[in-house]
Every structure is written in C-alpha cells, then in structure tokens.
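Read the structure below first, then the notes.
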Amino acid sequence: MKVLKNIFGISLIIVSSLASFSCSDNQKVKELNFGFIGPLSTRATVLGIGPAKAIELVVDEYNANKKENEPKINFFIEDDKWEKDLALPLYTKLRKEHNIDIVFISNSDGTVAIQKNIIEDKVICVNQLNNDELLSKLNKNTFKIAKRTEETNGIIGHRITDLGLKKTVIFHFPNDFMTRGTNAVKKILDKENIECKIIKVPKDQVDFSIELEKCKDEGYDSYVFFGYKNFGFAMKQVRDLGITNKVFGSTVLLEQAYYDNSEGAIVDSEFPFFTTLDGNKILATDFFDKYIEKFGEKPGAEWPALQARDASKLVIDIIKEVNTNKPAEIHISDWLRSELLNTTYYKGACGNLSIGEDGASRGVYFSLYKYVSEMKVEKIK
Amino acid sequence: MTIKRKLSFSFGLFIVLIAGTIVLNQIVSQKAEDRYEIIRTQIQPAIKSIDKYKQINSSLNVLLKKKLESKNDHSTTNNKILSILEVEIPNLIRSLKKIIKETSSKKIKEYSSGVLLSTKSITEHTYKILNLLESKKDYIKPKKLSESKDIFAGEITIHSNKVNRNLYRLKQLLNESNFQSQNELKKSFSQISLIIFIFGTVGIIIGLIIAIKTINSIITPINKLKDSASIVGSGDYNHKLQLHAKDELSELGKSFNVMTGSLKNSFNIIQAQKELQERINFTETSKNKLYESLKGELSVEQISKRVLDFFLNYYKAPMGAFHIITENNTLVCEALFAFDKDKKNVIETPVGRGIIGEAALHKKPILIDDVPDEYSKIKTTLGELKAKCIFIVPILHGNESVGVLELACLTKPKDSEIEFMNQVNNSIGIAINAAQGLRYLEEAHAKLEQSSETLQLKNKELEQFVYITSHDLQEPLRTISSYADILEEDFKDAVGDEGMQYIGFLQKASKRLTTQIHSLLELSKLGSETKRGVIDFNTIFTNLHYELSFLIKEKNGQLIFPPFVSEKIQGSPIELQLLFQNLIVNAFKYNNNDNPTTEVSYMDNGDHLTFCVSDNGIGIKQRHFEKIFQIFQRLENGEGSGIGLAHCKKIVESHQGKIWVDSEPGKGSHFFFNLPKKQ
Chain V
7 MKVLKNIFGI SLIIVSSLAS FSCSDNQKVK ELNFGFIGPL STRATVLGIG
57 PAKAIELVVD EYNANKKENE PKINFFIEDD KWEKDLALPL YTKLRKEHNI
107 DIVFISNSDG TVAIQKNIIE DKVICVNQLN NDELLSKLNK NTFKIAKRTE
157 ETNGIIGHRI TDLGLKKTVI FHFPNDFMTR GTNAVKKILD KENIECKIIK
207 VPKDQVDFSI ELEKCKDEGY DSYVFFGYKN FGFAMKQVRD LGITNKVFGS
257 TVLLEQAYYD NSEGAIVDSE FPFFTTLDGN KILATDFFDK YIEKFGEKPG
307 AEWPALQARD ASKLVIDIIK EVNTNKPAEI HISDWLRSEL LNTTYYKGAC
357 GNLSIGEDGA SRGVYFSLYK YVSEMKVEKI K
Chain B
124 MTIKRKLSFS FGLFIVLIAG TIVLNQIVSQ KAEDRYEIIR TQIQPAIKSI
174 DKYKQINSSL NVLLKKKLES KNDHSTTNNK ILSILEVEIP NLIRSLKKII
224 KETSSKKIKE YSSGVLLSTK SITEHTYKIL NLLESKKDYI KPKKLSESKD
274 IFAGEITIHS NKVNRNLYRL KQLLNESNFQ SQNELKKSFS QISLIIFIFG
324 TVGIIIGLII AIKTINSIIT PINKLKDSAS IVGSGDYNHK LQLHAKDELS
374 ELGKSFNVMT GSLKNSFNII QAQKELQERI NFTETSKNKL YESLKGELSV
424 EQISKRVLDF FLNYYKAPMG AFHIITENNT LVCEALFAFD KDKKNVIETP
474 VGRGIIGEAA LHKKPILIDD VPDEYSKIKT TLGELKAKCI FIVPILHGNE
524 SVGVLELACL TKPKDSEIEF MNQVNNSIGI AINAAQGLRY LEEAHAKLEQ
574 SSETLQLKNK ELEQFVYITS HDLQEPLRTI SSYADILEED FKDAVGDEGM
624 QYIGFLQKAS KRLTTQIHSL LELSKLGSET KRGVIDFNTI FTNLHYELSF
674 LIKEKNGQLI FPPFVSEKIQ GSPIELQLLF QNLIVNAFKY NNNDNPTTEV
724 SYMDNGDHLT FCVSDNGIGI KQRHFEKIFQ IFQRLENGEG SGIGLAHCKK
774 IVESHQGKIW VDSEPGKGSH FFFNLPKKQ
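Chains V and B supply the protein sequences, listed in that same order.
With positions in the first sequence counted from 1, the corresponding number in our numbering is that position plus 6.
With positions in the second sequence counted from 1, the corresponding number in our numbering is that position plus 123.
Structure, rendered in structure tokens:
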C-alpha cells in the first residue's frame, strides 16, 4: 500500500512537471513579425531602400544564428513612396496580412499617422530615421533610434555662421523633418542676427527659377535646400541663374536622382551627413561588408542603413531574451517597451547609444560633409 | 543485534554522514556562491565602471582642452563631447548609483556620491562651454573664450580632480572589498575541502569498522551453516547446528535444524513407504504366482499339490501337507511334502478331531510355537531338523472349510506372511470348491448319460407299446364294430328299439375309440418319421386352400391366407401343414357363426416368425387356455378326439417354437405360434 502511494505520488509529480513544461512551452514566443514602411520608389528612396535592406540583413543574420529558445523573426516591407498618407493603410495591411508586432518606419509624418493604431494593436513603432521633438512627444509605444533632427540640421546653421554669411534663404519640402530642420537653422541664424528667409515649396515643384531669381535680386549669399531630389533641379537653376553663392542641402543629398536632376550642379554643396567615419568604424565596416556581400552594392547613403542596422539590431538583441526574461503574464509590447527604455548603453555602428525616457535615442551625431563628385562626399568637419 | 539492524544502522550512519557532508557543503557552497556573485555582479563591474569613469573623465578633459585650443575642429570635438555627456556619463552615473544602492560601505557611498556631485558639475560646466563656443565666430570673442577657459581651468578641473580622487579611493575600497571577497571565497573552498576530507575520512573509518564487524557476523554463521549442510547432505540427519548469536542467521540455524528434523522424518516415511511398497509388490507377485498356478481346469489333487508347493516355498517350510474335506466331513490328505508318501489319501481325519480337525471345525488358523518333541523330524542326508513352528490354516470357501494346510516351518511366519495367507485363503477355497464341483459334475454327467440312455430305451419301448397296443386294439375293436353292425342290420327286430339304441351307442363308442387309436398312432409317429427341409409357407397355404375348400364351402365360410410369405425356415413340411390344417379345421369346427371366417396372418419378429390363426367362433374361456393343449382334453362342447391341439403343440415344440391362445367366449379365438428362423 505504501509502495503504491509512493508510486502514485511520483507519477503525480512527473505528470505535473510534464504538464507545466508543456504549458510553459506553449507560452513561449516562437515567432515575431517585423514590418517596414519606407520609401522604395518615387522619392527619398535613399531613406527606404537602404534601411529596408539593412534590417533584412540583420534579421536574416539573426534567424540564421538564433538559438533554439530564441524566436524566429519574419520581415515584411511596404513602400510608402514617401507619402505620409500611405503610412496608415500600409500599416493596416501589414497588421492584417502579417500581424506584425514591431513596425519600423522612416517617415516622421507617417509615424504620427499610425500613433492611434499602434497603441490599440499593442505594436511597438521604431522610427529608425528621425528623432525630433515632435516624435518625442508621441505615445509610449513610439521609439526613435536615429539622429536628432534639430541638432543635425543645426550643423548648417553653424556652418553659415562660421562662414560669416549674412543672408540666407531656406527652401524646404513641406514635411515635418524638413520643416524642423529649417526651423533649427533659422533659430541659430536668428541668434547670430543673420537674415534668414524661408520658402516652403510644394512637394512636386521642379521649377524654382522665379523664387531663385528673386532671391538673387535680393542679394542672398547662401541657399539652403531642405528637401529631396526635386531640389536637384533647384541647384541646377541656381547655377543657371549665375548664382555662385554657397549651396547647402539636407541629409538626403546623396541620392542618384538628386545628382541627376542637378546635372552636376550639386557638387560643392555642403550638408549634414554621417559615414563610417562618424560612428563605430569597426562595426560599420563589418556591416557594409556583409551588406555588399548580400546585396551586391553599398546603400546610396550610409547613414540611413547604419541607423536602421542599429535600430533593428538593438530591438533584436532584446527580443533574443524574450523567452528567458519576459514574464508570461506581461504582453510582449509592454515588455519590449520596458526593455528599450532601460537601454542605457548600446554599442552600435553609429556610436554608443542610449535611449531616454521619451523613447528617443542619444549618441548619433552627424558632421558636415561636402559633395565632391557624383555620389561622393567628403567630411569637412 | 540482528543483521537487519546492523545493516540499517550502518547505512543510516553512512547516510547521516553523507547528508551532513551535503548540508555543510551546501551551506558553505551557498556562501561561496553568494560571495562569487557579489564579486561578479557588483565588485568587478563597479571596478570596471570606475576605470571607465576615469577614462571618460580624462577623455572629456582632453576634448575640452582641444575644443578650447582649436576653433577649426570644434564640430567633431563637439560630437565627441556630446557623446560623452549624453551617453557615456549617464551610463556611468547609472553604474555609480547601482554601486551606492548595493553597497553597505559608508565610505563607498560617500565617495560615489562625491563622484556624482562632481560629475554633475562637470556636465553642467561642459554644456556651458559648448554654448559659449558654438561657432568659429565665438572663438574670436575674447570674453566667450576667456570665460570658457576659466570654466575649464576652474570648476571643471577642480571637479575633475575630485572625481579622479574619489574614483581612486573608490577603486581602492573596491579592490579591498574584491580582495576580501576573494579571500572569503578561497576560505569557503578550503572549508568545503576540509568538510569533505573530515567527513569522508570519518565515514570511511566507521564504514570499514562496521563492514568488518558485519561481514564477520555474517560469514562465521554462514560457514557453520555450510559445514552443517555438508554433514546433513552426507546423510547425518541427527546433526544439529549450534549458533549462539541473536540474529537472523541464528534463526536460520534454528530453521535449518527444524528442516533437518523434518528431512529425517520424511526420509523415514519414504523408507517405510518403500518397504511397504516392496512388500505389496512381493505380495501381489506372490498372489499372481499362486493364482497363475491355480488357473485352468485342475483336479483337487493338482490344486492341493500346487498350493502346498507354493506355501512351502513362500514360508520356506521344509515339510507340509494339504488336506481336503470330503462330502462325509472327513479330512483326506491330498498332498504331502517331505513326509511319508504312502500316507497320501490314507490319512483321514474327521473334522473336529486332532489339531487339523479343530482348525477345520473352528475355521481359524493355528500357530504352534512350541513344537512337541514327538513331532515329525525333517530328515536330510546330513541329519534331522526339528520344526520350530507348526502353522495350520483352514482353507475356507465362503464360510465353510474346504481344506487344511499344514506347514512345519523353521521360523515363525511374520504377521505380513500370515496376512498374505488370509488374503489368498478364499481364492484357494474357491479353486478347491470349483475343482470339487467339477469332480461332482463329472460324476453327475456320467450318471445323467446313463439315465438318458435308459430313458431313450424306455421311450422306445413305450412307443413300441403304444404302437403295438394301438395296433392290437384295432383288431378287437373292428370285431366289436363289425358285430355291432351285424346286430344292427340282422338282429334289428330281435333286440328291439331299446336294443338298437344300445347297439347305436356301441357303434358310436367303437367309432370314437377307433378315431382315438388312429390319433394316438399318429401322435406316436410324430418326430420320428418326418423329413425335414426348407419350408415354403406359400406352398402350404396353396395346398390347404384346395384341401379345405370343401369344408369352407360346406360351412359357407371364408379362409384368408397372407398374400405372400417371403421368409423360409427349416422344418418338416408335412408337420407344419398339419399344424395349420388342425388349427384351421378347429376354427371352422367350433364356429356357430353364419359366416365363419378364419384368417391366417404372420409377423416377422427378427429371429423368428409369429403366425396367428384367428376365427370368429365360439371362443374359449381363459381357464382352458392351457388345458386345450393337453392330450385327450376336450371342453364341454367337445367333439373330436382331444388330441388335435396336443398334436399342434408337439409339432411347434419339435420346431423349437411355442404355441398359445388368446380368446374370449362368443367373440372368437386367436391361436399364436412362433417358429425360429434358424433351427
């Protein structure tokens, strides 16, 4: 009888252990879905293609080397043509078709557009391109692992000051990033009492001759174009009008279409930019080697890809531990948010990063570069 | 102490030692583990953070100095300074806060807090410099540059030095703590080794002592048990195992002794059973031998001799005699051994006289141990032997003595041998009785043969007598009848009516007597002169049909035969036809019916045929069923000679058959007879 009781007890323990093991196994996260929304066509493709490929590279590398306890990651890409209005439909599509858990998005306005949905869907949103004051005020599920918009574009303001220029005109594309960049520059110039004129242009405008001619007549000694490839036409038109003054651009200058539209007039333009020289050279070089090995070419501009690499890798390095560290009762978005906010020091290709309480990263610092020839740049300082 | 207790105690002690070792080991290991965790997660990261802090502090100083000195490269320097301010320093501050939180050392807390305060001041002043020297243009403004340099040389340098000092002290304290923790860790490992060594050594010593003691306490009794088993195995069941300890093996020794006792008993029983079986086998063999010798049709003399020979051999008796009780209750010696042969059949002893007569009378064996001197001596060529014992056994058949066996034995028979005699006694009696019966039967057969011959002779004489008598009676009867006829014809008038009436009576009586004499003659001839052959009943019925047609017509009757009788038997055709004829004629004769009907039917009963002659005549009373088959027996209405049915009976019986009647007055009769198919 005693032996039977013992056997019964042991059997009960074994069954319970198996049951609990089975339950815990069922609660494990086996797969996670990443979505990407960015410009793959139409305009600003340099901000979409490179980052998409960079994230794909990071995801593939992770899946290939992941341990048994680590979840598989699926990656799905959508093209927003750099239109903020496409962000929400594309996000909805990604959720519906792939039930994405994390979305990487390049467009700041697009990031604002999907705010309500990501909270409802418990999706973590990472803007791997921009990091500005507006984005920092968005909901708790929004993270910005990128350069700071105001600071980056402020480089142009300081350059204008350093050069002792007196009258600056800024043409800008009508979106959040370019508007904020413009304002950051204006703020610096205002502080130094440098005259600054801002011209907001429609997004499809290609002929800026009238505005430029007017500026020439008004004696502007520096021309800033905060926008995309259409400003290539503007640069050409600047030179065609015989204007020889300094021309500045934004972070997206290194785009083939931009160069083509400018017909070479883009050369000598100065702009804030980021290359391997500005970040962790070892990690950045290693990343681009793998990038070229996988895709056969380097991305058009280094920084969007590097920022996307750091943002996705940082998220994945956290997710790796999901089945070890995440309590079963906590939703993955809550856990991931908490882990991201606890990131105080992350060695990225862009530099050492930390994430503040507002979900915005620190540690990516752009420098001033000069366009020296077709798709070639040179760091000024 | 029992072995179970010894082993339980040993294992218990062993387990206690192991458990003690494990518990102490766990306690010390846990302590060591905790210490190691502190070193790994607190002290070493803290030391690393402090090193990093020092490095960052130095880098910041270098960068600020560079920024102050080079106006052209301030952008790159700015980025690096920002990286330190925004990423590196917050991270280090976090590490320091962690150290403060985890440490219990007041000094570490004090120095850490000092570092934090200084860092805060450095950060604030660094931002001030960055704001003052935002662009190249600011460098040419003496106030801004001068103020920046002052901040650097003043607040920043002072706090930087403070940071370095505090970091140095902190590192010292942490190194001490690290050293202390590592010493404690080392001590813990030493303690673990010591615990394992002490407990292990004590455990081994105790284990060895207990093992030796226990092994000895087990092996010694086992060896004794082994020796005892060998002794018992060699057949000494009286051997006793002596174990004095109070343990299981001692109990085993007791059980062993019990087992030896049981083994001894079992062996004795088996031996006894074996002997009994051998005796039974011997008895059975002896019985078979005796019965075999008595098989077949043996004479009394042969049986007597064989029985005597057998028992002489069985009892190893050198002398003996066998007596048979005759019809006149006298014992006659039928067989002798080692005795005067002339006395065979001569010695006659009446039952009840002498010792053998008494034995026969009382039907009880007599055993005489003290043989008298005058008793016959057993003579050999070497001398004379005197019988030690006389064994006299009456041979019984049922409850009657049929003989007496007398044996002079050299030893007294055993009980089993006497019992054997009792067992076979009756069988011998049966054999003797059968032999005697055979002897009587032979004598009776001889007498019967003689009687049969006499009877046949008498029978023949009787038949001759009957024939002669009948034949001789016919002549005077014919004379009487002739003269009666003459008187009727010639002296009719002379004798008158009354005389004529008397003459009529005389004629009738003469006629009847003539008929009876004829019948008597016929009856006497039956069975002696008839030829036997295959009987075809269809032929008999055809013959009878023709022969009796006149009678049937006269009676206005009807005679029915079976359509066809396929069965045939052996017999006398004439007698059987006569049998049917008598029965059919009687059927019509004793029938007052206007339409007398007689039917012959038959039934095949397997080994015989049963015929039935039925009529619708006057019938017969049941009391006459036997009488009618007797000769000269007629019933009240009797006509005929009274011989017909006796005739029928004789014919049927001469064919090994049987005849009987079933009838009811006024309703007719059924005469049955059966005839065997094979005769």
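Heads up, the beta-carbon is just placed ideally off N, CA and C, and yes, glycines get one too.
All figures in this text were calculated on a predicted structure; none of them were measured in a lab.
CB of residue i within 7 Å of CB of residue j, strictly
i	j	result
A152/V	L135/V	yes
I124/V	C131/V	yes
L183/B	I216/B	no
H747/B	P799/B	no
I252/B	E211/B	no
Y234/B	L293/B	yes
F711/B	K678/B	yes
W88/V	P57/V	no
R158/B	S269/B	no
L100/V	I106/V	yes
K391/V	Y226/V	Only positions 7 to 387 of chain V appear in this structure, which leaves residue 391/V out of reach.
G789/B	G740/B	no
E471/B	V455/B	yes
D86/V	A93/V	yes
G362/V	G285/V	no
Expected contact under 8 Å - CB spacing of residue i and residue j to nearest Å
i	j	result
A483/B	I448/B	6 Å
M184/V	G233/V	6 Å
Q693/B	V657/B	6 Å
V129/V	S339/V	7 Å
M241/V	F254/V	Incorrect: roughly 10 Å between the Cβ atoms, too far for contact.
L533/B	A510/B	7 Å
Burial state of residue i (16 or more Cβ within 10 Å)
i	result
M544/B	buried
S575/B	exposed
F27/V	The pLDDT assigned to F27/V is 46, lower than 50, so where the model puts this residue is not dependable, and the model offers no usable value.
G160/V	buried
F279/V	buried
K487/B	exposed
H164/V	buried
Q845/B	Nothing in the structure corresponds to residue 845/B, since chain B is present only between 124 and 802.
M726/B	exposed
Y229/V	buried
V9/V	Residue placement at V9/V is poorly supported in this model, since its pLDDT is 44, which falls under 50; the coordinates are not used for a value here.
C29/V	Note on C29/V: pLDDT 43, under 50, position unreliable in the model; the coordinate value appears next. Per the 10 Å Cβ criterion, exposed.
G41/V	buried
L585/B	exposed
H770/B	buried
F239/V	buried
G369/V	buried
Could you pull out every unbroken beta strand (DSSP E) segment of at least 3 residues lying fully inside the segment 170–231 of chain V, listed in chain order?
173–178, 201–206
Report the residues of the segment 211–223 of chain B with a CB closer than 8 Å to any CB of chain V, ordered along the chain.
E211, P213, N214, R217
Which residues, in order along the segment 250–277 of chain B, keep a beta-carbon less than 7 Å from a beta-carbon of chain V?
E257, S258, K259, K260
Members of the segment 353–369 of chain V near chain B, C-beta cut-off 7 Å
G357, N358, L359, S360, R368, G369
Can you check the segment 231–262 of chain V for any alpha helix (DSSP H) of at least 4 residues that lies completely inside it and give the ranges in chain order?
236–246
My parser needs the beta strand (DSSP E) runs of 3 or more residues fully inside the segment 464–520 of chain B; what are they?
471–473, 489–491, 500–503, 506–509, 512–520
Run through the segment 135–223 of chain B for me and flag every whole alpha helix (DSSP H) of 4 or more residues, listed as ranges in chain order.
167–192, 197–206
Residue ranges of each alpha helix (DSSP H) run of no fewer than 4 residues wholly in the segment 219–271 of chain B, ordered along the chain?
229–255, 259–262
In chain order, which continuous runs of the alpha helix (DSSP H) of length 4 or greater are located wholly inside the segment 264–330 of chain B?
265–274
Closer than 7 Å, Cβ to Cβ, to anything on chain B: give me those residues from the segment 254–281 of chain V, in chain order.
none
Between the segment 164–193 of chain V and chain B, which residues of the former have CB atoms less than 8 Å from a CB of the latter, in chain order?
H164, T167, D168, G170
Within the segment 73–159 of chain V, note down every full beta strand (DSSP E) run reaching 3 residues or more, in order along the chain.
78–85, 108–111, 130–133, 148–150
Which residues, in chain order, does the segment 374–385 of chain V contribute to contact with chain B at a C-beta distance below 8 Å?
L374
Of the residues that make up the segment 73–101 of chain V, which ones have a beta carbon closer than 9 Å to any beta carbon in chain B?
none
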